[in-house]
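Peer 1: Okay, handing you the structure first.
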Amino acid sequence: MKFELLGWKCEGLRCPDFNFEIDKSGNATATFLQMPNGTGKTTTLRLLKRSLYNHQFKSTEIDQYKAKLKKEYKDKGFFQAKYKIEGNIFYTQINFEFDKNNSYYTSSLSEKGGFHKGFQLPESLENIIDQELIDLLFVDLEIDVKPMFRNHQTGAQEAIRKFCKINLIDLLIKDFDDFKTKKRKENAPSGNISVQIDTEETRFNKIINKIEKLEKIKLDYKKYLNETEDEFNDGEKQLNDILESNTVSNKKRKDLELRRDEAKSNYNNLLKNNLEAIKNIGSYDGILRNEIDDFVKALDEMGLPEEEVRIFFKKILEKKLCICGEELDHNKKLIIKEAMESFISDEESRIIGRIKGTFDNITRIEKNDLDKFSTDIQKQYSEVSRLEENIELLEKKSLKDNVELSQKIKELKEERSLRKNFLENIINERWKAKDTEETDSLVSLHEQKLRVEKQLATLSGTRETEEKVIFLNNTLKSAMEKAMLEISIQITKECNKKIDKMFVKNPIYIRSIEKNIVLDGQLEGSTGQEARIGIIFLLTILERSSIEFPLIVDTPVKGMDNAAKRRTAQFISDLKSQFLCFVIDSDKPHFTDEFHKLTNGESNFITAFRRSNEFDNLILNQPKNLLESSHNGQVVYQYPFFKEFTEEEDGN
Amino acid sequence: MSFKLVDSKKKEEDQKFINCKDFFKNIRYEKDSSSPIRFDMDNFMLCLILGLKLDKKENYDDFHFQQEFSSKYIDSYSKTKDLITGLLLSKIMKSKKIDKNEKTKVKNLLKEVLDTNDDIYIKKEYVNLIHEYYLGGYCALLKEFDNKEPNEVSIFFNKYNKLIKD
Numbered sequence: 016m017k018f019e020l021l022g023w024k025c026e027g028l029r030c031p032d033f034n035f036e037i038d039k040s041g042n043a044t045a046t047f048l049q050m051p052n053g054t055g056k057t058t059t060l061r062l063l064k065r066s067l068y069n070h071q072f073k074s075t076e077i078d079q080y081k082a083k084l085k086k087e088y089k090d091k092g093f094f095q096a097k098y099k100i101e102g103n104i105f106y107t108q109i110n111f112e113f114d115k116n117n118s119y120y121t122s123s124l125s126e127k128g129g130f131h132k133g134f135q136l137p138e139s140l141e142n143i144i145d146q147e148l149i150d151l152l153f154v155d156l157e158i159d160v161k162p163m164f165r166n167h168q169t170g171a172q173e174a175i176r177k178f179c180k181i182n183l184i185d186l187l188i189k190d191f192d193d194f195k196t197k198k199r200k201e202n203a204p205s206g207n208i209s210v211q212i213d214t215e216e217t218r219f220n221k222i223i224n225k226i227e228k229l230e231k232i233k234l235d236y237k238k239y240l241n242e243t244e245d246e247f248n249d250g251e252k253q254l255n256d257i258l259e260s261n262t263v264s265n266k267k268r269k270d271l272e273l274r275r276d277e278a279k280s281n282y283n284n285l286l287k288n289n290l291e292a293i294k295n296i297g298s299y300d301g302i303l304r305n306e307i308d309d310f311v312k313a314l315d316e317m318g319l320p321e322e323e324v325r326i327f328f329k330k331i332l333e334k335k336l337c338i339c340g341e342e343l344d345h346n347k348k349l350i351i352k353e354a355m356e357s358f359i360s361d362e363e364s365r366i367i368g369r370i371k372g373t374f375d376n377i378t379r380i381e382k383n384d385l386d387k388f389s390t391d392i393q394k395q396y397s398e399v400s401r402l403e404e405n406i407e408l409l410e411k412k413s414l415k416d417n418v419e420l421s422q423k424i425k426e427l428k429e430e431r432s433l434r435k436n437f438l439e440n441i442i443n444e445r446w447k448a449k450d451t452e453e454t455d456s457l458v459s460l461h462e463q464k465l466r467v468e469k470q471l472a473t474l475s476g477t478r479e480t481e482e483k484v485i486f487l488n489n490t491l492k493s494a495m496e497k498a499m500l501e502i503s504i505q506i507t508k509e510c511n512k513k514i515d516k517m518f519v520k521n522p523i524y525i526r527s528i529e530k531n532i533v534l535d536g537q538l539e540g541s542t543g544q545e546a547r548i549g550i551i552f553l554l555t556i557l558e559r560s561s562i563e564f565p566l567i568v569d570t571p572v573k574g575m576d577n578a579a580k581r582r583t584a585q586f587i588s589d590l591k592s593q594f595l596c597f598v599i600d601s602d603k604p605h606f607t608d609e610f611h612k613l614t615n616g617e618s619n620f621i622t623a624f625r626r627s628n629e630f631d632n633l634i635l636n637q638p639k640n641l642l643e644s645s646h647n648g649q650v651v652y653q654y655p656f657f658k659e660f661t662e663e664e665d666g667n
Numbered sequence: 005m006s007f008k009l010v011d012s013k014k015k016e017e018d019q020k021f022i023n024c025k026d027f028f029k030n031i032r033y034e035k036d037s038s039s040p041i042r043f044d045m046d047n048f049m050l051c052l053i054l055g056l057k058l059d060k061k062e063n064y065d066d067f068h069f070q071q072e073f074s075s076k077y078i079d080s081y082s083k084t085k086d087l088i089t090g091l092l093l094s095k096i097m098k099s100k101k102i103d104k105n106e107k108t109k110v111k112n113l114l115k116e117v118l119d120t121n122d123d124i125y126i127k128k129e130y131v132n133l134i135h136e137y138y139l140g141g142y143c144a145l146l147k148e149f150d151n152k153e154p155n156e157v158s159i160f161f162n163k164y165n166k167l168i169k170d
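Chains C and D, in that order, give the protein sequences.
Start counting at 1 in the first sequence, then tack on 15, and there's your number in the numbering used here.
Start counting at 1 in the second sequence, then tack on 4, and there's your number in the numbering used here.
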């Protein structure tokens with residue numbers, strides 16, 4: 016089942032009045048839309064998203080959509096989107112009443128119009144599409160896809176959760192939780208116990224508040240790490256280039272680094288060998304060696320283990336006659352067995368044998384000197400510290416003309432490291448008995464919440480309900496985790512199959528997708544590689560539905576070099592799903608022109624801009640059937656115009 | 005049977021007590037890539053060996069433990085397992101005042117202590133004894149480090165080497 020975006024129309028909004036028809040040039044799968052800055056690209060993208068689910072517009076948001084120029088302001092405006100599913104066309108329209116600060120939806124499920132008030136999707140879509148799925152269809156490579164590859168982010172995991180509607184299980188879990196809370200409150204007794212319940216309820220609320228606060232911090236930190244990623248990486252690279260450009264100092268630094276690495280390797284080996292020495296009890300002088308030595312000697316003196324004796328008895332028991340020549344009847348055998356039992360068993364003998372054997376081996380190897388380990392470790396540690404200080408001094412000297420950048424990157428490094436530590440360690444610290452609701456560990460807070468709820472259930476006499484809900488919720492959570500893992504494995508396999516087909520040269524495969532997308536054999540890919548793998552990942556998720564969804568991408572080649580732009584063009588030309596992307600001037604060389612070449616012009620190239628005298632002159636000679644004009648907006652359908660159109664630089 | 009790390013002291017007034025996992029956290033491999041201390045088993049064994057050396061035990065029931073981290077000695081401790089078992093048997097012999105000339109008593113003791121079906125070699129009641137020596141060693145380490153987590157792995161081994169040797 017194919018689901019396509021056919022176009023959209025807007026009037027009386029912040030952006031110029033436009034009427035786009037994506038399918039104007041036939042059945043092309045890819046559409047490139049060129050919209051200069053200030054044309055309302057962000058507004059368009061946001062309203063396209065909102066046109067697919069029932070969004071509750073707040074008054075402050077409505078205000079953002081109204082025309083900013085006084086002469087363009089209208090009391091009313093609308094955004095109408097046109098879609099096709101299984102060959103049937105339908106419309107959704109968002110109507111704005113700016114004078115009343117109000118908005119409402121109208122919809123039509125047929126091509127001929129006939130709009131009805133309210134938001135409605137065709138039956139085949141209404142149970143599938145929701146806001147979370149829409150977030151996957153409309154992506155900004157910079158904001159949505161890049162974080163999927165960072166180990167402190169959870170973008171990929173969240174994408175899978177959204178698409179597979181795992182959050183429905185979360186809602187079910189919440190419903191069960193609400194039910195037990197309701198039961199608990201209904202059962203609240205009076206008197207002394209009621210005071211205790213109040214105390215626990217207060218604590219419970221504090222825990223909930225803290226969890227909410229930490230979840231918010233978690234999101235903020237992820238956002239910060241994502242937003243500062245490029246600045247930090249670029250700055251570090253810039254500093255590194257400066258360091259490398261000074262040949263003399265660079266040589267000195269490399270030499271120091273070599274010596275530092277060698278000292279560090281010695282230091283690591285010494286620590287490793289020290290632990291091994293400690294584990295080999297008896298390999299160093301001291302009480303432990305003496306004690307085990309005495310024990311082994313005592314075993315020797317006692318003739319333990321006695322494996323041979325038991326074997327001797329066993330052999331006799333197997334015979335018909337005793338060694339004295341008499342027949343071994345049942346009674347005699349019992350006497351022999353009793354005597355045999357006074358000796359330790361074969362298995363016990365083996366353990367004793369191992370103790371003796373291991374100690375014997377240890378006494379044969381060269382003795383370990385723990386004092387020497389201590390001295391050598393300290394020596395190497397000092398050497399590593401000294402060399403690191405020297406490297407730092409040398410770097411400071413080389414970067415003396417870039418103090419500001421150096422300081423900025425240092426600060427970013429520290430701040431990013433703190434926030435990474437928070438996301439990776441602090442919020443995941445285990446629960447400890449003495450933890451309070453002040454802790455920053457989400458793991459601990461959830462455990463505390465569980466304990467307080469148990470206590471409340473006991474006090475209110477609803478323990479049975481509590482336990483049943485805990486059992487159900489644990490079962491659901493466990494099923495959810497297993498499903499997530501299984502889906503991740505399947506998606507990884509499917510993505511790698513696509514990578515095999517689409518990355519002709521040097522394919523990079525996905526190793527796993529748990530929290531983030533982990534690439535095989537490298538920490539992260541280039542901007543172009545990540546963009547292409549990110550698109551493959553999203554398409555793979557989307558393909559899991561019976562519906563073939565469109566993918567709408569903003570900034571598809573931002574930050575890519577020319578070769579990466581060309582490879583991305585090739586990659587998009589191979590896609591089967593509808594693909595729409597927003598581009599700016601700088602994206603055209605090596606990307607859209609390459610794409611045009613690859614597809615022999617069989618694609619949609621659309622330019623849209625706010626009308627002005629200067630821009631109006633550009634369309635004077637354009638065929639009328641390729642133009643769609645309004646009083647303030649202009650849409651031009653044609654590759655040559657798309658190619659030639661250039662946005663003026665600010666200030667020119 | 006299985007190994008567990010200590011979490012807290014049952015007497016609530018002892019606020020200084022740090023749980024064993026936290027004590028080692030700054031000098032574990034995850035935090036400091038130079039560190040050879042990678043597993044919970046490393047935390048446990050460093051304390052146990054020290055407890056055995058100092059012949060220091062703490063009452064098992066005075067502490068809360070975390071969930072078990074392993075039901076057997078991990079591979080890198082296969083030799084240590086034999087030596088720990090030997091030392092434990094030696095300690096029990098001494099505590100029961102069994103002389104090396106009393107072979108029958110020694111043999112009975114071996115039967116009483118060793119569990120040939122268990123990966124740890126030791127019967128359940130004596131696994132608690134292992135934990136008591138582990139606690140003894142851990143409390144000695146806490147004392148040595150003034151109830152604060154060590155921050156530097158080289159300093160940790162320096163102090164530990166002294167304790168295990170003196």
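Every residue, glycine too, gets a C-beta built ideally from N, C-alpha and C.
Could you name the residues of the same chain whose beta carbon sits closer than 7 Å to that of ALA82 of chain C, not counting the 5 residues immediately before and after it, in chain order?
Peer 2: Along the first sequence, one-based indexing puts residue 82 of chain C at 67. Excluding residues within five positions, the ones whose Cβ falls inside 7 Å are GLY27, LEU28, ARG29, TYR88, LYS89.
Peer 1: Checking contacts by CB at 9 Å: is ASP665 of chain C closer than that to chain D?
Peer 2: Working through the first sequence from its first residue, we reach residue 665 of chain C at position 650. For ASP665 of chain C, the predicted structure reports a pLDDT of 46, less than 50, and the residue's modelled location is therefore unreliable. The matter cannot be settled from this model.
Peer 1: Specify, as a first and last residue, the run of the beta strand (DSSP E) that LYS126 of chain D falls within.
Peer 2: The count along the second sequence starts at 1 and reaches residue 126 of chain D at position 122. It should be pointed out that residue 126 of chain D corresponds to Ile in this sequence rather than to Lys. Where ILE126 of chain D is concerned, there is no enclosing beta strand (DSSP E), given that its DSSP letter is neither H nor E.
Peer 1: Looking only at its chain, what residues have a beta carbon closer than 6 Å to the beta carbon of ALA579 of chain C, apart from the 5 residues adjacent to it on each side?
Peer 2: Within the first sequence, the letter at position 564 stands for residue 579 of chain C. Excluding positions up to five away in sequence, the list reads GLY543.
Peer 1: With a 10 Å radius around its C-beta and 16 neighbouring C-beta atoms as the bar for buried, classify ARG582 of chain C as buried or exposed.
Peer 2: Here the question's residue 582 of chain C lines up with position 567 in the first sequence. Classification of ARG582 of chain C: buried, given that the 10 Å Cβ count is 16 or more.
Peer 1: Please decide whether LYS195 of chain C counts as near chain D, where near means a Cβ-Cβ distance under 9 Å.
Peer 2: To locate residue 195 of chain C, count along the first sequence from 1; it is residue 180. Answer no: the Cβ-Cβ gap between LYS195 of chain C and chain D never drops below 9 Å.
Peer 1: Output the residue ranges of the alpha helix (DSSP H) runs that lie fully inside the stretch 69-111 of chain C and measure 4 residues or longer, sorted by chain position.
Peer 2: Runs found: 74-80.
Peer 1: Secondary structure at LEU635 of chain C, three-state DSSP: helix, strand or coil?
Peer 2: If you number the first sequence from 1, residue 635 of chain C lands on position 620. In the structure shown, LEU635 of chain C sits in coil (DSSP, three-state: anything other than H, G, I, E or B).
Peer 1: Could you confirm whether any beta carbon from chain C is found closer than 9 Å to the beta carbon of ILE53 of chain D?
Peer 2: Here residue 53 of chain D refers to the residue found at position 49 of the second sequence. Yes - at least one Cβ of chain C is within 9 Å of the one on ILE53 of chain D.
Peer 1: Using 8 Å as the Cβ pair cut-off and three pairs as the minimum, do the stretch 244-251 of chain C and the stretch 414-429 of chain C touch?
Peer 2: Short answer: they touch.
Peer 1: One question on the structure: do PHE660 of chain C and LEU633 of chain C come within less than 9 Å of each other, judged by their Cβ atoms?
Peer 2: The residue you call residue 660 of chain C lines up with position 645 of the first sequence. The residue you call residue 633 of chain C lines up with position 618 of the first sequence. Cβ atoms of PHE660 of chain C and LEU633 of chain C: closer than 9 Å.
Peer 1: Checking 9 Å against the spacing of the C-beta atoms, do LEU133 of chain D and PHE67 of chain D come in under that value?
Peer 2: Position 129 of the second sequence, counted from the first residue, corresponds to residue 133 of chain D. Position 63 of the second sequence, counted from the first residue, corresponds to residue 67 of chain D. No; because the gap between Cβ atoms is not below 9 Å, this pair is not in contact.
Peer 1: So, under 8 Å CB-CB, ARG559 of chain C and PHE178 of chain C are touching, yes? Tell me the CB distance rounded to an integer number of Å.
Peer 2: Indexing the first sequence from 1 puts residue 559 of chain C at position 544. Indexing the first sequence from 1 puts residue 178 of chain C at position 163. Between PHE178 of chain C and ARG559 of chain C the Cβ distance is about 7 Å, and since that is below 8 Å, they are a contact.
Peer 1: Please name the residues in the stretch 77-102 of chain D whose beta-carbon is closer than 7 Å to at least one beta-carbon of chain C, in chain order.
Peer 2: From the stretch 77-102 of chain D, only TYR81, LYS83, THR84, ASP86, LEU87, THR89, GLY90, LEU91, LEU93, SER94 have a Cβ closer than 7 Å to chain C.
Peer 1: Which one or two residues does DSSP pair with PHE675 of chain C in a beta bridge?
Peer 2: Coverage of chain C is limited to positions 16 through 667, which leaves residue 675 of chain C absent and any answer about it impossible.
Peer 1: Taking LEU438 of chain C as the query, report the chain D residues whose CB atoms sit under 9 Å from its CB, ordered along the chain.
Peer 2: Position 423 of the first sequence holds residue 438 of chain C. The premise fails here: LEU438 of chain C is roughly 15 Å from chain D at the closest Cβ pair, so nothing lies under 9 Å.
Peer 1: So SER12 of chain D is in the beta strand (DSSP E); what residue range does that whole segment cover?
Peer 2: Indexing the second sequence from 1 puts residue 12 of chain D at position 8. Run containing SER12 of chain D: 10-13, per the beta strand (DSSP E) assignment.
Peer 1: I want to verify the contact list: residues of chain C whose CB lies under 9 Å from the CB of PRO40 of chain D, in sequence order.
Peer 2: By one-based count along the second sequence, residue 40 of chain D stands at place 36. Within 9 Å Cβ-Cβ: ASN283, LEU286, LYS287, ASN288, ASN289, LEU290, GLU291.
Peer 1: Alpha carbons only, please: which of C:GLU479, C:ARG478, C:GLU173, C:PHE552 is nearest the one belonging to LYS513 of chain C?
Peer 2: Your numbering for residue 513 of chain C matches position 498 in the first sequence. Nearest option by C-alpha distance: C:PHE552.
Peer 1: Using three-state DSSP, classify ARG176 of chain C as helix, strand or coil.
Peer 2: What you label residue 176 of chain C is simply residue 161 of the first sequence in a count that begins at 1. Residue state, collapsed to three classes: helix.
Peer 1: Below 9 Å on C-beta distance, what does GLY301 of chain C contact in chain D?
Peer 2: By 1-based counting over the first sequence, the position of residue 301 of chain C is 286. Those within 9 Å of GLY301 of chain C in chain D are LYS57, ILE168, LYS169, ASP170.
Peer 1: Determine the direct distance from the alpha carbon of ARG304 of chain C to that of ILE296 of chain C, and round the result to whole angstroms.
Peer 2: Within the first sequence, the letter at position 281 stands for residue 296 of chain C. Within the first sequence, the letter at position 289 stands for residue 304 of chain C. About 7 Å.
Peer 1: According to a CB-to-CB cut-off of less than 7 Å, which residues of the stretch 119-142 of chain D neighbour chain C?
Peer 2: So the list reads THR120, TYR125, given in the order they occur along the chain.
Peer 1: Give me the chain C residues within the contact set of VAL157 of chain D, using Cβ-Cβ distance strictly less than 7 Å, ordered along the chain.
Peer 2: Numbered from its first residue, the second sequence carries residue 157 of chain D at position 153. Chain C residues near VAL157 of chain D: LEU286.
Peer 1: Check for me: the alpha helix (DSSP H) holding GLN168 of chain C runs from which residue to which?
Peer 2: The count along the first sequence starts at 1 and reaches residue 168 of chain C at position 153. Careful: GLN168 of chain C lies outside any alpha helix (DSSP H) and carries neither H nor E.
Peer 1: When you compare the stretch 40-54 of chain D with the stretch 143-160 of chain D, are there three or more beta-carbon pairs, one atom per stretch, that lie closer than 8 Å?
Peer 2: They touch, by the three-pair rule.
Peer 1: List the residues of chain D that ALA354 of chain C touches, going by C-beta distances under 9 Å, in chain order.
Peer 2: On the first sequence, position 339 is the one that residue 354 of chain C refers to. Those within 9 Å of ALA354 of chain C in chain D number zero; the least Cβ separation is about 12 Å.
Peer 1: Mapping the DSSP letters down to three states, classify ASN667 of chain C as helix, strand or coil.
Peer 2: The residue you call residue 667 of chain C lines up with position 652 of the first sequence. For ASN667 of chain C, the predicted structure reports a pLDDT of 35, less than 50, and the residue's modelled location is therefore unreliable. A value from the coordinates is still provided. Here ASN667 of chain C sits in coil by DSSP.
Peer 1: Excluding the 5 residues preceding and the 5 following LYS412 of chain C in the sequence, name in chain order all residues of the same chain whose CB lies nearer than 8 Å to its CB.
Peer 2: Sequence index remark: in the first sequence, residue 412 of chain C carries index 397 (1-based). Excluding residues within five positions, the ones whose Cβ falls inside 8 Å are SER264.
Peer 1: Start and end of the beta strand (DSSP E) containing SER122 of chain C?
Peer 2: For the purposes of this step, residue 122 of chain C is identified with residue 107 of the first sequence, where counting begins at 1. Note, SER122 of chain C: beta strand (DSSP E), 117-123.
Peer 1: Check whether the Cβ of TYR64 of chain D lies closer than 9 Å to any Cβ atom in chain C.
Peer 2: By 1-based counting over the second sequence, the position of residue 64 of chain D is 60. No, its Cβ sits nowhere closer than 9 Å to a Cβ of chain C.
Peer 1: By the criterion of Cβ-Cβ separation under 7 Å, what are the contact partners of GLN470 of chain C in chain D?
Peer 2: Along the first sequence, one-based indexing puts residue 470 of chain C at 455. Those within 7 Å of GLN470 of chain C in chain D number zero; the least Cβ separation is about 17 Å.
Peer 1: Within 10 Å of its beta-carbon, does GLU306 of chain C have 16 or more other beta-carbons around it, so buried, or fewer, so exposed?
Peer 2: Residue mapping note: residue 306 of chain C aligns to position 291 of the first sequence, counting from 1. The residue in question, GLU306 of chain C, is buried, as its Cβ has 16 or more Cβ neighbours within 10 Å.
Peer 1: Under the three-state reduction of DSSP, which class applies to LEU145 of chain D: helix, strand or coil?
Peer 2: Along the second sequence, read from residue 1 onward, the residue named residue 145 of chain D stands at position 141. In the structure shown, LEU145 of chain D sits in a helix (DSSP, three-state: H, G or I).
Peer 1: Which residues mark the beginning and the end of the alpha helix (DSSP H) in which CYS51 of chain D is found?
Peer 2: Stepping through the second sequence from its first residue, residue 51 of chain D is reached at position 47. Here the alpha helix (DSSP H) through CYS51 of chain D covers 44-58.
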